[in-house]
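Asks: One structure, pasted below without further comment.
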Amino acid sequence: MYVKQISVFLENKSGRLAEVTSVLGKHEIDISALSIADTTDFGILRLIVNKPDLALQVLKENGFTVSATDVIAIAVEDKPGGLAKVLDILYKNDIGIEYMYAFVGKVADEALVILKVENAEEAVNILKENGVKILSADEVYSL
Amino acid sequence: MRYWDEHMECMDRSTLQEIQLKRLIETVKRVYTSVPYYRNKMQKLGLIPEDIKDLNDLQKLPFTTKQDLRDNYPYGLFAVPLSEIVRIHASSGTTGKPTVVGYTKHDIGIWSEVMARTLVAAGADKHSFVQIAYGYGLFTGGLGVHYGAERIGASVIPISSGNTKRQIQLMVDFGTTLLACTPSYALYLAETMEEMGVDKSQLKLKSGVFRAEPWSENMRKEIESKLNIKAYDIYGLSEIIGPGVAYECEYQCGMHINEDHFLPEIINPETGEVLGEGEYGELVFTTITKEGLPLIRYRTRDITALHYEKCRCGRTFVRMEKVIGRTDDMIIIRGVNVFPSQIESVLLELGEVEPHYQLIVDRVNNLDVLEVLVEVSERMFSDEVKKLEQLEKKITKAIEDTLGISVKVRLVEPKTIERSEGKAKRVIDRRKI
Ligand SMILES: [Zn+2]
């Protein structure tokens with residue numbers, strides 16, 4: 001049920017993001033979703049890629065501080081209020097969201113969203129009960 | 001047996017000071033008459049031995065530095081005819097000439113005595129088996145501990161350094177109760193024991209005296225748990241006598257200086273001014289019983305602080321804190337002395353095994369600012385900004401609490417701190433003064 005996200009520590013200086021993408025490109029690793037959270041000093045780059053284990057390894061080899069985290073990938077209706085519905089479910093069930101971001105591309109009339117929540121297991125159950133579509137890792141990696 | 005020499009170690013301070021003064025006056029007279037170097041130095045200051053009337057007059061005397069020892073290589077500062085010198089030791093001399101020190105028979109006796117106090121404070125007695133894994137030779141570590149152990153009548157195992165598996169085998173077979181070596185070698189012994197399948201329960205080891213390199217409280221805990229012993233810090237330098245200058249008691253709250261032989265002072269390394277109790281500065285020693293190479297106000301370059309209140313162990317000797325740095329790498333920020341090692345110990349306490357950090361000092365609007373760069377390791381990293389910001393705050397607070405000045409901590413990527421020969425450059429001072 002979980003998707004493995006790769007997180008990379010980046011200092012806020014030019015060229016670092018390009019280095020990450022070039023390392024991944026060299027190893028033919030495809031990025032399907034990406035987000036950067038930054039402060040004035042540093043940023044955290046979060047990536048969903050088709051080969052997370054390889055990405056972890058090659059980024060480490062290139063001197064980056066990297067970690068892998070389990071996140072949830074969901075599909076929401078690509079129309080106004082589609083995401084709001086999902087967020088409302090989580091809010092009503094008292095599940096805090098650490099962060100979320102959308103996929104670069106999307107499938108048909110669905111928008112794909114990555115969620116990191118405090119209690120992943122509980123969140124997955126509640127989302128399922130409420131009919132929210134959760135994508136498997138294989139589905140996500142092959143996008 | 002808790003003390004080797006209760007009479008001296010627990011003497012009331014006023015009596016001790018009388019003894020110190022008498023011995024100081026004798027020493028100054030001796031160097032004035034028998035060491036031309038000291039006589040010249042004192043004459044330049046317009047000083048004669050009779051000017052030393054009380055302990056405060058110590059401050060009138062000139063300092064001696066390691067450079068002075070090098071300039072007078074090899075025997076220029078010796079105060080007795082060479083026929084009376086029974087032992088020569090020398091420091092490694094990584095830069096330039098080695099530092100040579102000479103002992104008379106009487107000096108070796110003092111050394112044995114102060115080391116006996118050290119070992120007894122660390123739990124040894126005549127029934128102990130003392131394994132000495134410090135190097136023997138020109139380095140003072142091995143023979144210093146050796147003489148102390150012999151003085152108390154312990155059984156000495158003079159194995160010297162190296163040959164780790166054999167060390168462990170003999171430790172088991174001979175029933176070693178006290179180990180003397182460097183702290184990193186103690187940890188290496190513990191690791192090798194694990195590899196060999198020797199359990200600590202097979203050892204009779206109770207304690208150890210460790211020194212000859214800086215070590216942290218964390219390292220002490222690790223040694224104590226891995227070897228199931230009590231680990232004691234000791235202090236010494238060959239110029240003063242070797243190991244045995246200062247020693248920890250069972251309360252491990254600073255090292256008692258053998259003040260009846262070595263007079264300590266703490267000075268501001270920049271100005272030479274004598275500092276008060278509890279203030280950090282450079283440790284300076286005047287030997288007051290040594291014959292072969294008496295030293296007047298010898299600057300150790302070690303930074304520490306002294307505490308005079310009576311210790312729970314009953315000893316009245318002043319206690320010196322663990323050395324927190326060397327004058328060579330001290331920086332002064334807004335009037336506060338800062339040592340890279342202080343930052344290092346903060347990071348070690350926060351759980352960083354091998355912290356990579358750098359201090360950047362700059363002057364902005366006439367005010368010194370200190371920025372601390374900390375390389376983010378995998379252990380510290382989190383995919384959540386909130387957690388990294390918390391970590392940054394935690395490090396900032398811990399450093400500010402330790403240094404007493406405000407700092408800016410910045411997390412940086414690994415390997416961004418420049419390294420030369422594997423070692424990181426710890427301080428970058430950008431101030432233009
Ligand atoms: Zn004590």
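For the record, the sequence lines run as chains A and B. Residues 1 to 143 in the UniProt record's numbering are what the first sequence spells out, letter by letter. Residues 1 to 433 in the UniProt record's numbering are what the second sequence spells out, letter by letter. Backbone N, C-alpha and C define an ideal beta-carbon position, used for all residues, glycine too.
(1) What residues in the region 394-427 of chain B bring their beta carbon closer than 8 angstroms to a beta carbon of chain A?
(2) Based on Cα-Cα distance, which residue from B/Gly-148, B/Asp-71, B/Gly-236, B/Tyr-32 lies nearest to B/Arg-117?
(3) Distance cutoff 8 angstroms, beta carbons only. Does A/Thr-21 sit that close to anything in chain B?
(4) How about A/Glu-122 and B/Glu-384: do their beta carbons lie closer than 8 angstroms?
(5) Listing by chain order, which chain A residues have their CB less than 7 angstroms from the CB of B/Phe-381?
(6) Run through the region 12-83 of chain B for me and flag every whole alpha helix (DSSP H) of 4 or more residues, listed as ranges in chain order.
(7) Check whether the region 150-163 of chain B and the region 276-285 of chain B touch, using three or more Cβ-Cβ pairs below 8 angstroms as the test.
(8) DSSP has residue 449 of chain B in a bridge; who is on the other side?
(9) For A/Ile-134, go through chain B and note every residue whose CB falls closer than 9 angstroms to its CB, in chain order.
(10) For the candidate residues A/Gly-82, A/Asp-78, A/Ala-18, whose alpha-carbon lies nearest to that of A/Ala-108?
(11) Quick test of the definition: if touching needs 3 or more C-beta pairs under 8 angstroms, does the region 53-70 of chain B touch the region 108-116 of chain B?
(12) Measure from the alpha carbon of A/Thr-69 to the alpha carbon of each residue in B/Asp-401, B/Arg-431, B/Ser-382, then state which is nearest.
(13) CB-CB under 7 angstroms to B/Leu-45, same chain, minus the five flanking residues each way: which ones, in chain order?
(14) Could you check whether the Cβ of A/Ile-61 sits closer than 8 angstroms to any Cβ belonging to chain B?
(15) Suppose you measure from the CA of B/Glu-50 to the CA of B/Arg-30; what does that come to, to the nearest Å?
(16) Counting by C-beta, which residues lie closer than 7 angstroms to a heavy atom of ligand 1, in chain order?
(17) State yes or no: is the C-beta of A/Ala-75 nearer than 7 angstroms to some heavy atom of ligand 2?
(18) Helix, strand or coil, according to DSSP, for A/Lys-116 in the structure here?
(19) Who does B/Asn-337 pair with in a DSSP beta bridge?
(20) Going straight from the alpha carbon of A/Leu-47 to that of A/Arg-16, what length do you get?
(21) Can the beta-carbon of B/Ile-223 be found closer than 8 angstroms to that of B/Leu-187?
(22) Under 9 angstroms between beta-carbons, which chain A residues line up against B/Ser-377? List them in chain order, please.
(23) Which parts of the region 98-177 of chain B are runs of the beta strand (DSSP E), unbroken and 3 residues or longer, counting only runs that do not cross its ends?
(24) Under a CB-based cut-off of 8 angstroms, is B/Glu-384 close to chain A?
(25) Measure the C-alpha to C-alpha separation of A/Leu-45 and A/Val-23 and round it to an integer number of angstroms.
(26) Since I believe B/Val-407 is in contact with B/Val-374 (beta carbons under 8 angstroms), could you give me their beta-carbon distance rounded to a whole number of angstroms?
(27) By a C-beta neighbour count over all protein chains shown, 10 Å radius and 16 as the cutoff for buried, is B/Met-255 buried or exposed?
(28) Got a sec, what are the start and stop residues for the alpha helix (DSSP H) B/Lys-290 sits in?
(29) Just the chain B side, please: which residues come within less than 8 angstroms of A/Glu-118 by C-beta, in chain order?
(30) Buried or exposed: where does A/Phe-84 fall if 16 or more other Cβ atoms within 10 Å of its Cβ makes it buried?
(31) Who are the Cβ neighbours of B/Ile-211 in its own chain at under 8 angstroms, not counting the five residues just before and after it?
(32) Candidates B/Tyr-308, B/Arg-315, B/Thr-304: which alpha carbon is nearest B/Glu-250's?
(33) If the cut is a Cβ gap below 9 angstroms, which residues of chain A does residue 436 of chain B touch?
(34) Return the chain-ordered list of same chain residues with a C-beta closer than 7 angstroms to the C-beta of B/Val-35, the five sequence neighbours on each side being excluded.
(35) Please determine if the region 257-272 of chain B and the region 301-318 of chain B are in contact, where contact requires at least 3 C-beta pairs separated by less than 8 angstroms.
(36) Could you list the residues in the region 87-101 of chain A with a C-beta less than 9 angstroms from some C-beta on chain B, going in chain order?
Replies: This is what the structure holds:
(1) Arg-410, Leu-411, Val-412, Glu-413, Pro-414, Lys-415, Thr-416
(2) Against the second sequence, residue 117 of chain B aligns to sequence position 117. Measuring C-alpha to C-alpha distances from B/Arg-117 to each of B/Gly-148, B/Asp-71, B/Gly-236, B/Tyr-32 identifies B/Gly-148 as the nearest.
(3) Working through the first sequence from its first residue, we reach residue 21 of chain A at position 21. Taking CB atoms only, A/Thr-21 has no neighbour in chain B less than 8 angstroms away.
(4) Counting from 1 along the first sequence, the entry for residue 122 of chain A is found at position 122. Counting from 1 along the second sequence, the entry for residue 384 of chain B is found at position 384. In this structure, B/Glu-384 does not lie closer than 8 angstroms to A/Glu-122 by Cβ.
(5) Locating residue 381 of chain B in the second sequence gives position 381, where the first residue counts as 1. Near B/Phe-381 (Cβ distances below 7 angstroms), the residues of chain A are Phe-9, Thr-65, Ser-67.
(6) 13-34, 36-44, 66-71
(7) no
(8) As displayed, chain B neither begins before 1 nor continues past 433, which places residue 449 of chain B out of reach and without an answer.
(9) Position 134 of the first sequence, counted from the start, is the residue given in the question as residue 134 of chain A. Ordered by position in chain B, no residue passes the 9 angstroms Cβ test against A/Ile-134, which lies about 20 angstroms from the chain.
(10) For the purposes of this step, residue 108 of chain A is taken as residue 108 along the first sequence, with counting starting at 1. Among A/Gly-82, A/Asp-78, A/Ala-18, the Cα nearest to that of A/Ala-108 is on A/Asp-78.
(11) Segments in contact, no.
(12) Translated into the one-based positions of the first sequence, residue 69 of chain A becomes position 69. Nearest option by C-alpha distance: B/Ser-382.
(13) On the second sequence, position 45 is the one that residue 45 of chain B refers to. Counting only Cβ-Cβ distances below 7 angstroms, and skipping sequence neighbours, we find Pro-62.
(14) Start at 1 with the first residue of the first sequence, and residue 61 of chain A comes out as number 61. Going by the sequence as given, residue 61 of chain A is Glu instead of Ile. Not closer than 8 angstroms to any Cβ of chain B, the Cβ of A/Glu-61 fails to qualify, so no.
(15) The count along the second sequence starts at 1 and reaches residue 50 of chain B at position 50. The count along the second sequence starts at 1 and reaches residue 30 of chain B at position 30. Between B/Glu-50 and B/Arg-30, the alpha-carbon positions lie close to 12 angstroms from each other.
(16) B/Cys-249, B/Tyr-251, B/Cys-253, B/His-256, B/Cys-311, B/Arg-312, B/Cys-313, B/Arg-315, B/Arg-319
(17) Ligand 2 is absent from the structure shown, which contains only ligand 1.
(18) Residue mapping note: residue 116 of chain A aligns to position 116 of the first sequence, counting from 1. Three-state result, A/Lys-116: strand.
(19) Counting from one through the second sequence, the residue named residue 337 of chain B turns up at place 337. Looking at the DSSP assignment, B/Asn-337 forms a beta bridge with B/Ile-332.
(20) Position 47 of the first sequence, counting from 1, holds the residue named residue 47 of chain A. Position 16 of the first sequence, counting from 1, holds the residue named residue 16 of chain A. If you take the alpha carbons of A/Leu-47 and A/Arg-16, they lie about 14 angstroms apart.
(21) Position 223 of the second sequence, counted from the first residue, corresponds to residue 223 of chain B. Position 187 of the second sequence, counted from the first residue, corresponds to residue 187 of chain B. Cβ distance < 8 angstroms, so B/Ile-223 and B/Leu-187 count as in contact.
(22) Residue numbering aside, residue 377 of chain B sits at position 377 when the second sequence is read from its first letter. Near B/Ser-377 (Cβ distances below 9 angstroms), the residues of chain A are Thr-65.
(23) 100-104, 129-132, 155-157
(24) Within the second sequence, the letter at position 384 stands for residue 384 of chain B. It does: the Cβ of B/Glu-384 has a partner Cβ on chain A nearer than 8 angstroms.
(25) Position 45 of the first sequence, counted from the start, is the residue given in the question as residue 45 of chain A. Position 23 of the first sequence, counted from the start, is the residue given in the question as residue 23 of chain A. Those two C-alpha atoms are separated by around 14 angstroms.
(26) For the purposes of this step, residue 374 of chain B is taken as residue 374 along the second sequence, with counting starting at 1. For the purposes of this step, residue 407 of chain B is taken as residue 407 along the second sequence, with counting starting at 1. Going by Cβ atoms, the distance from B/Val-374 to B/Val-407 rounds to 11 angstroms, so no, they are not a contact pair.
(27) Walking along the second sequence from the start, residue 255 of chain B turns up at place 255. Its Cβ being crowded by 16 or more others within 10 Å, B/Met-255 is buried.
(28) The sequence position of residue 290 of chain B within the second sequence is 290, counting from 1. Careful: B/Lys-290 lies outside any alpha helix (DSSP H) and carries neither H nor E.
(29) Residue numbering aside, residue 118 of chain A sits at position 118 when the first sequence is read from its first letter. Ordered by position in chain B, no residue passes the 8 angstroms Cβ test against A/Glu-118, which lies about 10 angstroms from the chain.
(30) Position 84 of the first sequence, counting from 1, holds the residue named residue 84 of chain A. Looking at the sequence provided, one finds Ala at residue 84 of chain A rather than Phe. The residue in question, A/Ala-84, is exposed, as its Cβ has fewer than 16 Cβ neighbours within 10 Å.
(31) Translated into the one-based positions of the second sequence, residue 211 of chain B becomes position 211. A small correction: the amino acid at residue 211 of chain B is Arg; Ile does not occupy that position in the sequence shown. Within the same chain, B/Arg-211 has close Cβ partners Gly-141, Thr-182, Pro-183, Asp-233, Ile-234, Tyr-235, Gly-236, Pro-243.
(32) Taking the first residue of the second sequence as position 1, residue 250 of chain B is located at position 250. Minimum Cα distance to B/Glu-250 is reached at B/Arg-315.
(33) Within the shown structure, residues of chain B are numbered from 1 to 433, placing residue 436 of chain B beyond reach of any answer.
(34) Residue numbering aside, residue 35 of chain B sits at position 35 when the second sequence is read from its first letter. Only residues of its own chain outside the window of five on either side were considered, and among them Leu-77, Ala-79 have a CB closer than 7 angstroms to the CB of B/Val-35, listed in chain order.
(35) yes
(36) Glu-98, Tyr-99
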